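Same order as they appear, the protein sequences are chains A and B. Residue numbers for the first sequence follow my numbering, beginning at 1336 and rising by one. Residue numbers for the second sequence follow my numbering, beginning at 434 and rising by one. Below is one structure, written out as structure tokens, with a few remarks after it.
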Amino acid sequence: MEKLRQYYFVMQQIGYKEQRKKSNETSLGFVWNLLNPLLYMVILSTYYTNIIIHDIDRFPVFVFTGITIFNFYNSSTKTAMKSLVNNKNLLIKTKLPVEVFVINSIYSGFREFLFSSIALIPICIYYKVHITWRIILVIPILLITASIITSIGRILAICYTFFGDVEYLYSVLMSMLVFVSGTFLPLGNYPENIRYLLTYNPIFLSIILYRNSLMYGIQSHWSAWAKFLMWFLALLIFSRYIFDKKKDDCINML
Amino acid sequence: MEYGLKQYIFVIRELTTREIKRKYSRSVLGIFWSVLQPLLFMFVMTAVFSGFTLNNISYPVYYLTGYTTWSMFNIATTTSMTAFEDNKLLFQKTKLPRGIFVLSRDYTSLVNLGFSSIALLVVLIFFRVQIKWTVILFFVDIFFELLFTVGISFLLATIYVFYKDIKFLWHNILVLLIHMIAIFYPIERYPEAVQEYTLINPLFIYPDIARKSIINGTYELKQLIAMIVWAIGSLLLGFIVFKLAENSIIKKI
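Next up, the structure:
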């Protein structure tokens, strides 16, 4: 129990240090967090009006929810990936469990997500989104999403210490995934053969479940939940396994 | 010691070689990646947007031509922003004309464009696109786009020295911009009001001229004039800002 408190304290300190560093470099970063999804929403709504909007009701809210979740995945995993290398010194010189750094990245990513979701409130009011009891489901959805992201983060962090290439490849992957995660296109807009694959994309699943409970207040198909939970478990087990196995090799490499 | 044109060019090429070596030595895939990546994107975009017919032009060709042209601007401006900071030592200790660092980044991006054009060529051949004489305009277009890019690069690089935020901001602006210049969908599909603004956007003009000259075999005089005007305007802006701020940069760095 004492150890837990110590780790929590350390995490807070690291988080504080990183935030200080971040806000020294980008006084704008904080505000931008809120602005980014809003801008996306405005631009995509404006430019794709004829192309997509006639299919979707309340497109701006649709986009906003998609973008915030995607950004959560994107920025958290990228920070987590580099977290071990960036904190090289702390890792080598202290007895901190290696995981702390990965978890910390996800934690700050989650905070950013919550912060940018503040804008969701006025948007929902403006577009007359009916909130139903299903909104409670958002909590487990977000928690499971956070866990999936943490698992991915662990795997990436390990890979990155061995292969620098991973950073670039992952960056390219994410740029492509924006278009194939249902961020601003509904499932129906995708061609037949893609749709099947799409339903296995964890980002897509997070977004769909999130939207269904928040925006539409409808029940999501059981298969969505099933796949979502499958990813959660599979990644958790796999990442734990890889992480524990390679942890020491990692430290040696650093 | 006066730097003549020959030495100037020599230095740019040396810096560029170093950049390219550094960039591709770390990665296993190397230069091959410059060709592969746009193709990869093209496959994904086509897969996603494939329900879409474009009056006799296949989507991959439409997309890739626009994207390759845009990409040069994208890479050049992003990498040249940090040009002064990265070459701090050379900046302070040599008498090299300062602009050279930015120019070498732009030149690197041009080289990168060259490699990606291989992918474009493959796609053009695969889809049996008829090449007409207007393809010469593509090279002219790239030339003027390069001038435009150089101007913007100088502007950004200068701002970056004083205000590091701009890198973060610019990256986000670019991500948003790509949706506004008819790369993924042709301009006809934009709402009317928006089309007007898009037509005067230089970042729409350069890819559009590229598409028209390669795929359609047409050109629009108005657009070509705009192409030149934007290039000159940007160059002037970039150089003026740079020259005015030069002394402050030296002090800051």
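Glycine included, every Cβ here is placed at the ideal spot set by N, Cα and C. Remember, it's a predicted structure, so these values are computed and weren't measured experimentally.
Residue-chain proximity (residue i, chain A), Cβ-Cβ < 8 Å
{"i": "residue 605 (chain B)", "result": "yes"}
{"i": "residue 480 (chain B)", "result": "yes"}
{"i": "residue 493 (chain B)", "result": "no"}
{"i": "residue 468 (chain B)", "result": "no"}
{"i": "residue 434 (chain B)", "result": "In this predicted model, residue 434 (chain B) has a pLDDT of only 47, less than 50, meaning its place in the structure is not dependable enough to derive any value."}
{"i": "residue 627 (chain B)", "result": "yes"}
DSSP-derived helix/strand/coil call for residue i
{"i": "residue 653 (chain B)", "result": "coil"}
{"i": "residue 525 (chain B)", "result": "helix"}
{"i": "residue 612 (chain B)", "result": "helix"}
{"i": "residue 641 (chain B)", "result": "helix"}
{"i": "residue 499 (chain B)", "result": "helix"}
{"i": "residue 1406 (chain A)", "result": "helix"}
{"i": "residue 562 (chain B)", "result": "coil"}
{"i": "residue 1521 (chain A)", "result": "coil"}
{"i": "residue 1377 (chain A)", "result": "helix"}
{"i": "residue 685 (chain B)", "result": "helix"}
{"i": "residue 1467 (chain A)", "result": "coil"}
{"i": "residue 666 (chain B)", "result": "helix"}
{"i": "residue 434 (chain B)", "result": "Summary for residue 434 (chain B): the model assigns pLDDT 47, below 50, so the residue's position carries little reliability; its value from the coordinates is reported in the next sentence. Correct three-state label for residue 434 (chain B): coil."}
{"i": "residue 1391 (chain A)", "result": "coil"}
{"i": "residue 1347 (chain A)", "result": "helix"}
{"i": "residue 441 (chain B)", "result": "helix"}
{"i": "residue 1499 (chain A)", "result": "coil"}
{"i": "residue 597 (chain B)", "result": "coil"}
{"i": "residue 587 (chain B)", "result": "helix"}
{"i": "residue 634 (chain B)", "result": "coil"}
{"i": "residue 554 (chain B)", "result": "helix"}
{"i": "residue 469 (chain B)", "result": "helix"}
{"i": "residue 617 (chain B)", "result": "coil"}
Residue i at chain B interface by Cβ criterion, 8 Å
{"i": "residue 1408 (chain A)", "result": "no"}
{"i": "residue 1381 (chain A)", "result": "yes"}
{"i": "residue 1511 (chain A)", "result": "yes"}
{"i": "residue 1384 (chain A)", "result": "yes"}
{"i": "residue 1441 (chain A)", "result": "no"}
{"i": "residue 1345 (chain A)", "result": "no"}
{"i": "residue 1497 (chain A)", "result": "no"}
{"i": "residue 1514 (chain A)", "result": "yes"}
{"i": "residue 1525 (chain A)", "result": "yes"}
{"i": "residue 1420 (chain A)", "result": "no"}
{"i": "residue 1507 (chain A)", "result": "yes"}
{"i": "residue 1529 (chain A)", "result": "yes"}
{"i": "residue 1378 (chain A)", "result": "yes"}
{"i": "residue 1536 (chain A)", "result": "no"}
{"i": "residue 1374 (chain A)", "result": "yes"}
{"i": "residue 1368 (chain A)", "result": "no"}
{"i": "residue 1371 (chain A)", "result": "yes"}
Assigned exposure category for residue i - 16 Cβ within 10 Å defines buried
{"i": "residue 1515 (chain A)", "result": "buried"}
{"i": "residue 1432 (chain A)", "result": "exposed"}
{"i": "residue 1416 (chain A)", "result": "buried"}
{"i": "residue 685 (chain B)", "result": "exposed"}
{"i": "residue 1554 (chain A)", "result": "exposed"}
{"i": "residue 641 (chain B)", "result": "buried"}
{"i": "residue 673 (chain B)", "result": "exposed"}
{"i": "residue 556 (chain B)", "result": "buried"}
{"i": "residue 614 (chain B)", "result": "buried"}
{"i": "residue 1406 (chain A)", "result": "buried"}
{"i": "residue 644 (chain B)", "result": "buried"}
{"i": "residue 1588 (chain A)", "result": "exposed"}
For residue j and residue i, the rounded distance between their alpha carbons
{"i": "residue 1523 (chain A)", "j": "residue 575 (chain B)", "result": "38 Å"}
{"i": "residue 1347 (chain A)", "j": "residue 1339 (chain A)", "result": "12 Å"}
{"i": "residue 538 (chain B)", "j": "residue 512 (chain B)", "result": "6 Å"}
{"i": "residue 1382 (chain A)", "j": "residue 1376 (chain A)", "result": "10 Å"}
{"i": "residue 671 (chain B)", "j": "residue 527 (chain B)", "result": "23 Å"}
{"i": "residue 577 (chain B)", "j": "residue 1458 (chain A)", "result": "42 Å"}
{"i": "residue 1373 (chain A)", "j": "residue 1572 (chain A)", "result": "36 Å"}
{"i": "residue 532 (chain B)", "j": "residue 587 (chain B)", "result": "8 Å"}
{"i": "residue 666 (chain B)", "j": "residue 581 (chain B)", "result": "8 Å"}
{"i": "residue 668 (chain B)", "j": "residue 1562 (chain A)", "result": "54 Å"}
{"i": "residue 1578 (chain A)", "j": "residue 1490 (chain A)", "result": "7 Å"}
{"i": "residue 625 (chain B)", "j": "residue 609 (chain B)", "result": "20 Å"}
{"i": "residue 657 (chain B)", "j": "residue 583 (chain B)", "result": "19 Å"}
{"i": "residue 1528 (chain A)", "j": "residue 1518 (chain A)", "result": "18 Å"}
{"i": "residue 1485 (chain A)", "j": "residue 1511 (chain A)", "result": "21 Å"}
{"i": "residue 1507 (chain A)", "j": "residue 1337 (chain A)", "result": "42 Å"}
{"i": "residue 444 (chain B)", "j": "residue 481 (chain B)", "result": "44 Å"}
{"i": "residue 1530 (chain A)", "j": "residue 1536 (chain A)", "result": "10 Å"}
{"i": "residue 1351 (chain A)", "j": "residue 1414 (chain A)", "result": "15 Å"}
{"i": "residue 1552 (chain A)", "j": "residue 1480 (chain A)", "result": "19 Å"}
Near the ligand GDP: residue i beta-carbon under 7 Å from a heavy atom
{"i": "residue 577 (chain B)", "result": "Absence of the ligand GDP from the depicted structure is noted, as is the absence of any ligand whatsoever, leaving it without description."}
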